[in-house]
Amino acid sequence: MNKIENNSKKERVARMFDRIARSYDFLNHFLSLGIDIYWRRRALAWLRQKNPTYILDVATGTADLALMAQKVLPAHTTIGIDISEKMLEIGRQKIEKKQLKDKITLYSGDSEQINFQENTFDAAMVAFGVRNFENPIKGLSEIRRVLKDKGTILVLEFSKPRLFPFKQLYNFYFSFILPLIGRIFSRDKEAYTYLPESVQQFPDGKAFGEMLQKAGFGAVQIKTMTLGVVSVYMAEK
Ligand SMILES: C[S@@+](CC[C@H](N)C(=O)[O-])C[C@H]1O[C@@H](n2cnc3c(N)ncnc32)[C@H](O)[C@@H]1O
C-alpha cells in the first residue's frame with residue numbers, strides 16, 4: 002500500500018482499527034444484538050439481482066461482508082482491501098478457517114488509491130466504511146473507476162433514525178451506552194466515541210445519494226432498515 006501520511010485522518014483511522022481489531026467482531030455482534038449479520042445479508046440479497054462474478058469489497062475489515070457474500074450470492078470471487086493490517090489479519094484467519102482462500106483474497110489497500118485497473122470489477126461493496134474515508138468523494142470516484150461499465154456499487158452505512166420516540170431512545174443508546182460498553186471491552190478510549198460522532202457528521206439518505214452522484218454514479222436507489230438505523234444504497238457506473 003502507498004505510504005499513509007502521519008497524523009492524517011487515514012493514519013488515525015488505520016491505527017484505531019489496528020487497536021480494536023481483536024475485539025471488533027465480538028463488539029459488532031454484541032452491540033447490535035447480532036442484527037449486523039442480518040443487515041449484511043439483506044444488503045447482499047439486494048445485490049443478487051446483478052449477478053456479479055468479480056467483486057471488490059472496500060474497507061473489508063475482518064471480511065464479514067465478503068464471507069457473507071459467499072453464502073448469499075451465486076458463484077463469484079472477491080478481492081477485499083483495507084488500510085488496517087490487523088483487521089486484515091483477522092479476516093485472513095477467518096477465510097482460511099472456512100476454506101475460502103480460493104474465493105476471497107485480502108490485500109492491504111486504500112480506497113482513495115485503488116491498485117487495480119479501470120473497468121475491472123462487476124460490483125464493489127462497502128459496509129460501514131465510507132464514513133471512515135478521509136475523502137469520501139475521492140474514495141467513491143476511485144471505486145467507480147475500477148468498476149466495469151454499468152457496474153454496481155453497494156454501500157451499507159449507519160443512518161440517523163427520525164421517528165419519535167425511537168430516535169430519542171436510539172440516540173441515547175448510541176451516544177452514551179454503546180461508547181461505554183465499547184470502551185470497556187475494547188479497552189480503547191477513542192474508537193467507540195468516534196463511532197456515534199462520525200455517524201452524526203456523515204450525510205445519510207438523499208444527502209448520501211447526492212454524494213454518490215457527485216462521485217459520478219447514477220441510478221441511485223436507497224433502502225432503510227431497522228427504522229432507519231442503517232441504509233443501503235445501490236448505484237450504477
Ligand atoms: C467499521 S469497519 C468495517 C469493516 C467491514 N466492512 C464490516 O462490515 O465489518 C471500517 C473499516 O474501514 C477501513 N478503512 C477506513 N478508511 C479506509 C480507506 N481509505 N481505505 C480502505 N479501508 C479503509 C478501516 O480500516 C476499517 O477496517
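Residue numbers (the working numbering): 2 to 238.
Ideal placement from N, C-alpha and C gives every residue a C-beta, glycine not left out.
Hey, could you find the ends of the beta strand (DSSP E) residue i is sitting in?
| i | result |
| --- | --- |
| Ser109 | 105-109 |
| Ile56 | 55-59 |
| Lys224 | 219-226 |
Would you say residue i reaches chain D, if we count a Cβ-Cβ gap shorter than 9 angstroms as a contact?
| i | result |
| --- | --- |
| Gln50 | The structure shown contains no chain D, having only a single protein chain. |
Helix, strand or coil: how does DSSP classify residue i here?
| i | result |
| --- | --- |
| Ile84 | coil |
| Gly130 | coil |
| Thr153 | strand |
| Ala236 | strand |
| Thr79 | strand |
| Glu97 | helix |
| Gln114 | strand |
| Ala216 | coil |
| Glu119 | coil |
| Val231 | strand |
| Glu64 | Residue identity check: residue 64 is Ala in the sequence provided, not Glu. Correct three-state label for Ala64: coil. |
Hey, residue i and residue j: beta-carbon distance below 9 angstroms or not?
| i | j | result |
| --- | --- | --- |
| Thr63 | Ile38 | no |
| Ile144 | Ile154 | yes |
| Glu135 | Phe203 | no |
| Val200 | Lys238 | no |
| Leu68 | Lys99 | yes |
| Ile82 | Ser109 | yes |
| Thr227 | Gly206 | no |
| Leu285 | Leu196 | In the structure as shown, the chain begins at 2 and stops at 238. Residue 285 is therefore absent and cannot be evaluated. |
| Phe27 | Ile182 | no |
| Lys149 | Thr121 | yes |
| Ser142 | Gly210 | no |
| Asp111 | Lys215 | no |
| Glu119 | Val147 | yes |
Would you mind reading off the limits of the alpha helix (DSSP H) that contains residue i?
| i | result |
| --- | --- |
| Ser142 | 137-147 |
| Leu32 | 10-32 |
| Tyr195 | 192-202 |
| Tyr171 | 167-173 |
| Ile178 | Element bounds for Ile178: n/a, residue is neither H nor E. |
| Arg163 | Arg163 -> no alpha helix (DSSP H), and no H or E assigned at all. |
| Arg41 | 36-48 |
Using the beta-carbon count (16 or more within 10 Å), is residue i buried or exposed?
| i | result |
| --- | --- |
| Ser187 | buried |
| Pro166 | exposed |
| Leu1 | An answer regarding residue 1 cannot be provided, because it is not within the stretch 2 to 238 covered by the chain. |
| Leu66 | buried |
| Ala76 | exposed |
| Leu74 | buried |
| Ile185 | exposed |
| Val133 | Rather than Val, the amino acid found at residue 133 in this sequence is Asn. The residue in question, Asn133, is buried, as its Cβ has 16 or more Cβ neighbours within 10 Å. |
| Leu34 | exposed |
| Gly219 | exposed |
| Ala208 | exposed |
| Phe175 | buried |
| Phe177 | exposed |
| Ser9 | exposed |
Requested in this report: Say whether the stretch 102-118 touches the stretch 55-74, bearing in mind that this needs 3 or more beta-carbon pairs closer than 8 angstroms, one atom from each stretch.
Outcome: yes
Query - Sufficient close CB pairs (3 or more, under 8 angstroms) joining the stretch 91-105 to the stretch 119-131 - result: no
Query raised in the report: Is the number of C-beta pairs between the stretch 34-48 and the stretch 227-234 that are closer than 8 angstroms three or more?
Result: yes
Requested in this report: Say whether the stretch 164-172 touches the stretch 98-107, bearing in mind that this needs 3 or more beta-carbon pairs closer than 8 angstroms, one atom from each stretch.
Outcome: no
Query raised in the report: Are there three or more Cβ pairs, one per stretch, closer than 8 angstroms when the stretch 184-197 is compared with the stretch 14-21?
Result: yes
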